[in-house]
Each structure stands twice: as C-alpha cells, then as structure tokens.
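Asker: Below are the structure tokens for one structure; questions will follow.
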Amino acid sequence: MKIIYYSYTGAHSAVIAAGIHLGTLTSQKIDRSQLVKLPLFASPPLLYQLNYYGQDSFGNDLFTLGVGHELILVPKSIISFLSLYKIRGTEIKLINTMLPLKNLTRMGEKMASAGMNTLGTRLFLHAMARDYKMLYQYLKEKQIAADDVHTV
Amino acid sequence: MTAAAVHLGMLPSTRRPNCRELLNTPYFDQQIAKDHGLFRLMGCDESNREVYIVGKHNLGKNFEKIIRQIAGLFALDQKEFVIIDTMPYVNFTMMVGGYTSRRLGITFIGRPIVTFGTQKAFLTLASMVNRVKHTLTSCGQEHDC
Numbered sequence: 001m002k003i004i005y006y007s008y009t010g011a012h013s014a015v016i017a018a019g020i021h022l023g024t025l026t027s028q029k030i031d032r033s034q035l036v037k038l039p040l041f042a043s044p045p046l047l048y049q050l051n052y053y054g055q056d057s058f059g060n061d062l063f064t065l066g067v068g069h070e071l072i073l074v075p076k077s078i079i080s081f082l083s084l085y086k087i088r089g090t091e092i093k094l095i096n097t098m099l100p101l102k103n104l105t106r107m108g109e110k111m112a113s114a115g116m117n118t119l120g121t122r123l124f125l126h127a128m129a130r131d132y133k134m135l136y137q138y139l140k141e142k143q144i145a146a147d148d149v150h151t152v
Numbered sequence: 001m002t003a004a005a006v007h008l009g010m011l012p013s014t015r016r017p018n019c020r021e022l023l024n025t026p027y028f029d030q031q032i033a034k035d036h037g038l039f040r041l042m043g044c045d046e047s048n049r050e051v052y053i054v055g056k057h058n059l060g061k062n063f064e065k066i067i068r069q070i071a072g073l074f075a076l077d078q079k080e081f082v083i084i085d086t087m088p089y090v091n092f093t094m095m096v097g098g099y100t101s102r103r104l105g106i107t108f109i110g111r112p113i114v115t116f117g118t119q120k121a122f123l124t125l126a127s128m129v130n131r132v133k134h135t136l137t138s139c140g141q142e143h144d145c
C-alpha cells in the first residue's frame, strides 16, 4: 500500500506525520530540535512534489505531498484518477495531516506555503508543541486502519 | 467541457455554435464545487478514446504534475493518457460569467455571459482540439507501426 501524507507544504505536518508513522517520533512530548532534525522538514520548495519518505514495518511505502490550498481537490482527483484504472482505496491511503491541527499551527504552515518559510516554520514549531499529541492520536487511529487493510 | 464536446463531435469544430447548441451540451455551466477534481466521462471519440473532463481550480500545470507522479507510483503507462489544460483558452468574459453563475449562483445573469464568452473563445479552443486530435492520431499511427 502507498500512504501519502499531505498538507499545505508537504514539509511540515506531513513530515512529522511520516516521522510518527515510521517510529522516529514517539508519543512522548517532543521538542523543536527533534522536529527540525527530521529529513525534509521545512525544506523549500516541496509544493506538488511527491516525496518518498520510507517504508514501514508492514512494507507500506510512505510519501509526503504539499498541495497548497487544494486540500480537498488534490486527494479527490487522485482517487478519481486511480478509479479509472480500477485501483481501489485499499492500494492507496491519503491522509490530510492538517485536519487535527489548530488554527495557529495551520497558519504557520500556510505562511510557509505562501513563501514565508522562516517565519511560518517558527510559528508552526511554536504551535506544534501544543498540537503534537492531537496529531499523534489522529495518526494512531489512521495507522491502525491501514494495518487492518494490510493484514486482510 | 467545451473542448471535450468539440473533441467528441457534440459541437462543430469549424464554426461558432449558437447559444442553444452550447446550452444543450452535457455539463455546460452545470458543474458545482463538489464536482471539481472528479474525472467525468464525456464519451468516446471515433478512435474509441475515452474523453473525460475534470475541474482543477487554479492548479494549472501542477495538476498534471501530481497526476503523472501518482501514475508513476502505480507504474501506469504515461503515454496512455493525455491531460489538456484548457485554461489558457478561457477568456475574461467566461471567467466572469462562470463565477457569477456557478459561484454566486446568479445563473440568469452568469449563463448568458459565459455563453457569450465561450462563443468568442470557441474557434481558438476548437483549433486547439483539432491539433490535439491530429497529434493523437499521428502518435497512434506511429505506435501501430
């Protein structure tokens, strides 16, 4: 299965989500240095570029994708396109990593996607300290679902 | 949608269609926000190629970039599909009419404007479609050889 974590930039919350998925980040409280050390974190410019992030223990390939403001249209198009080739939802999973985040974190990533990478990333990191657990919890639910599909 | 209709022969390719012809075309000024991003089958052309329409907002060339990357992930044949961006052929009148009709919901004002704009842009749009069809046909012949 291909799992694509997508967000505004594909280099902030999507990278953190991929890090959580791969076990690089744990459920414990995280500090900024851990996030900054993640490969591809806050790296410009990743918009609309699919980046391979690694493979999990189940053999699922992980990717990150920056979709700008098109958080609804892009995944819808991907699913619709793949359905033309009879590729089902069990072969790909698209996870919106912006969904569990609060407004300040979103704003940070949005600023980064709008070209204010340094300022946006600082704001994002500041707000992420608070939202990290929510993202972790959200992904835990999603990953369990992905694993279920894998073992069928 | 107009380009797809020309491709499929639902609209003439050598003259401007009248209002009735445009309005009778499937999906003309019908798409709503939730339809955007969905590949919708318009029909099959004379060479049995499937023709789809899809709304892509302001993604421009990035739409194709994303789709091609996804196709690459699943090792789909990149030559099996062609994505044609029709936005360069959309004039200001069409944008204003489309926005008024679809986004603002003022169909009785927006629809005549978008129809007028489409008629104005029609011949360039149709010639683009003819070019695409010609290219596809010649590529297909080379492929057969």
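Residue numbers (our numbering), protein chains in the order written: chain A, 1 to 152; chain B, 1 to 145. For every residue, glycine included, the Cβ atom is placed at its ideal position computed from N, Cα and C.
1. Got a sec? Which residues, its chain only, sit under 6 Å from N103 of chain A by beta carbon, not counting five neighbours each side?
2. By Cβ distance, which residues of its chain are closer than 7 Å to E21 of chain B, with the 5 residues on each side in sequence left out?
3. Would you kindly report the start and end of the unbroken beta strand (DSSP E) that includes M116 of chain A?
4. What is the residue span of the alpha helix (DSSP H) that N62 of chain B lies within?
5. So, for A5 of chain B: in the same chain, excluding its five sequence neighbours on each side, which residues have a beta-carbon less than 8 Å away from its beta-carbon?
6. Of the choices A:I78, A:L135, A:L82, whose alpha-carbon is the least far from that of T105 of chain A?
7. Rounded to the nearest angstrom, what separates D148 of chain A and I84 of chain B at their Cα positions?
8. Would T118 of chain B pass as a contact of M94 of chain B if the rule is Cβ separation under 7 Å?
9. Would M87 of chain B be called buried (16 or more neighbouring beta carbons within 10 Å of its own) or exposed?
10. For R39 of chain B, which residues in chain A fall below 7 Å Cβ to Cβ?
11. Measuring alpha carbon to alpha carbon, tell me which residue in A:P100, A:K110, A:S77, A:K37 is nearest F63 of chain B.
12. My output table needs one value for Y8 of chain A: the three-state DSSP class, helix, strand or coil.
Answerer: Short version:
1. Start at 1 with the first residue of the first sequence, and residue 103 of chain A comes out as number 103. Nothing meets the Cβ criterion.
2. Here residue 21 of chain B corresponds to residue number 21 of the second sequence, with the count starting at 1. So the qualifying residues of the chain are L11.
3. Translated into positions along the first sequence, residue 116 of chain A becomes position 116. No beta strand (DSSP E) contains M116 of chain A, which DSSP labels as neither H nor E.
4. By 1-based counting over the second sequence, the position of residue 62 of chain B is 62. 61-73 is the span of the alpha helix (DSSP H), which, as asked, contains N62 of chain B.
5. Here the question's residue 5 of chain B lines up with position 5 in the second sequence. Around A5 of chain B: L11, T25, P26, F28, M42.
6. In the first sequence, the residue the question calls residue 105 of chain A occupies position 105. That would be A:L135, whose Cα lies nearest to the Cα of T105 of chain A.
7. By 1-based counting over the first sequence, the position of residue 148 of chain A is 148. By 1-based counting over the second sequence, the position of residue 84 of chain B is 84. At D148 of chain A, the pLDDT of 41 sits below 50, so the modelled position is not reliable; the number obtained from the coordinates is stated separately. Taking the straight line from one Cα to the other gives about 38 Å.
8. Taking the second sequence and counting its residues from 1, the one referred to as residue 118 of chain B is at position 118. Taking the second sequence and counting its residues from 1, the one referred to as residue 94 of chain B is at position 94. Yes; because the gap between Cβ atoms is below 7 Å, this pair is in contact.
9. For the purposes of this step, residue 87 of chain B is taken as residue 87 along the second sequence, with counting starting at 1. The residue in question, M87 of chain B, is exposed, as its Cβ has fewer than 16 Cβ neighbours within 10 Å.
10. To locate residue 39 of chain B, count along the second sequence from 1; it is residue 39. The sequence given here places Phe at residue 39 of chain B; Arg does not occur at that position. Ordered by position in chain A, the residues that pass the 7 Å Cβ test against F39 of chain B are S80, F81, L84.
11. Here residue 63 of chain B refers to the residue found at position 63 of the second sequence. Residue A:S77 is the option with its Cα nearest to F63 of chain B.
12. Here residue 8 of chain A refers to the residue found at position 8 of the first sequence. Coil at Y8 of chain A, not helix or strand.
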